[in-house]
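First up is the structure itself, then whatever we jot down about it.
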Ligand code: NDP
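Numbering (full-length UniProt numbering), first residue to last: 1 to 240.
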């Protein structure tokens with residue numbers, strides 16, 4: 001029987017590419033999303049991948065959502081914590097609400113989703129947890145104190161949990177994408193985007209599929225010696 005993979009924010013952008021790549025690699029995929037029903041419906045119709053709606057910022061919803069996925073598809077072997085948002089503002093203008101929303105989704109969301117799935121992975125002595133962090137969690141970014149803090153927090157979480165999961169054959173790794181051509185980045189004003197591209201040695205934005213490829217690599221059964229790692233995929237922009 002094929003292994004079950006849950007991808008949060010799995011129906012759009014990088015998450016959609018991850019869901020499709022895992023499906024192509026033979027996994028039964030569950031794609032979580034937060035609120036864009038239209039995108040989820042179109043994605044499901046295109047791929048046949050089941051979509052599940054809940055917010056990763058809500059712990060109880062994650063417990064219930066994980067239970068629903070496992071009841072419908074089977075035990076979750078691979079968890080990709082991909083859901084993320086931005087609420088950018090220079091720090092002197094950043095509101096407590098902007099801070100909280102980003103921390104709740106991008107950092108607490110990773111705790112909320114991993115926590116209910118972890119005991120089953122421990123019992124079954126197998127698991128792959130892959131956290132989608134960001135280059136901006138590695139280097140910091142002007143206007144993103146909230147986002148950079150959350151994404152850097154994801155890296156600390158990854159390293160700590162890797163140690164806890166190691167003896168149970170659960171690997172925990174992070175991927176730090178650079179700038180990838182999704183709605184999140186296309187929402188940035190064109191002038192700023194051009195300036196960003198000018199700083200990327202390969203001279204272009206990354207494609208969602210280029211992040212998905214790294215997820216499939218880390219999810220594999222024979223990737224068991226790679227844990228606690230941060231894999232940068234940023235076109236040569238930043239070396240960690
Ligand atoms: P998109 O904005 O294109 O998609 C975000 C996805 O996350 C959507 O499916 C959205 O659901 C989902 N989502 C948002 N909030 C929640 C929530 N509370 N609960 C569940 N799902 C939620 O983002 P990207 O594809 O660009 O980004 C994916 C990940 O990669 C993020 O973690 C982002 O921080 C990270 N990243 C992106 C980079 C980039 O250049 N694009 C660079 C570095 C990191 P819905 O469809 O319902 O809105």
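Think of the CB as a built atom: it goes at the ideal place given N, C-alpha and C, for glycine as much as any other residue. Computed from a prediction, not measured in an experiment: that's the story for all the values here.
In this structure, residue 6 places its C-beta atom within 9 Å of the C-beta atom of residue 66.
In this structure residue 113 is in contact with residue 81, their Cβ atoms being roughly 6 Å apart against a cut-off of 8 Å. Between residue 196 and residue 140, the alpha-carbon positions lie close to 14 Å from each other. At least one heavy atom of the ligand NDP lies closer than 8 Å to the C-beta of residue 183. DSSP, read as helix, strand or coil, puts residue 205 in coil.
With contacts defined as CB atoms closer than 9 Å, residue 160 and residue 22 fail to qualify as a contacting pair.
Rounded to the nearest whole angstrom, the CA to CA distance from residue 110 to residue 154 is 7 Å. Residue 56 and residue 62 have their alpha carbons spaced roughly 6 Å apart.
With fewer than 16 other Cβ atoms inside 10 Å of its own Cβ, residue 201 counts as exposed.
The C-alpha of residue 39 is placed about 30 Å away from the C-alpha of residue 157.
Contact holds between the region 203-221 and the region 13-22, because three or more Cβ pairs, one in each stretch, are under 8 Å apart. When beta bridges are read from the DSSP output, residue 175 appears opposite 132, 231. Distances taken from the Cβ of residue 27 to the heavy atoms of the ligand NDP include none shorter than 8 Å. When DSSP states are grouped into helix, strand and coil, residue 188 belongs to the coil group. Taken through DSSP and simplified to helix, strand or coil, residue 127 comes out as strand. The beta carbon of residue 116 lies closer than 7 Å to those of 62, 63, 66 in the same chain, with the five residues before and after it left out. Under the DSSP assignment, residue 47 falls in the alpha helix (DSSP H) whose first and last residues are 37-47.
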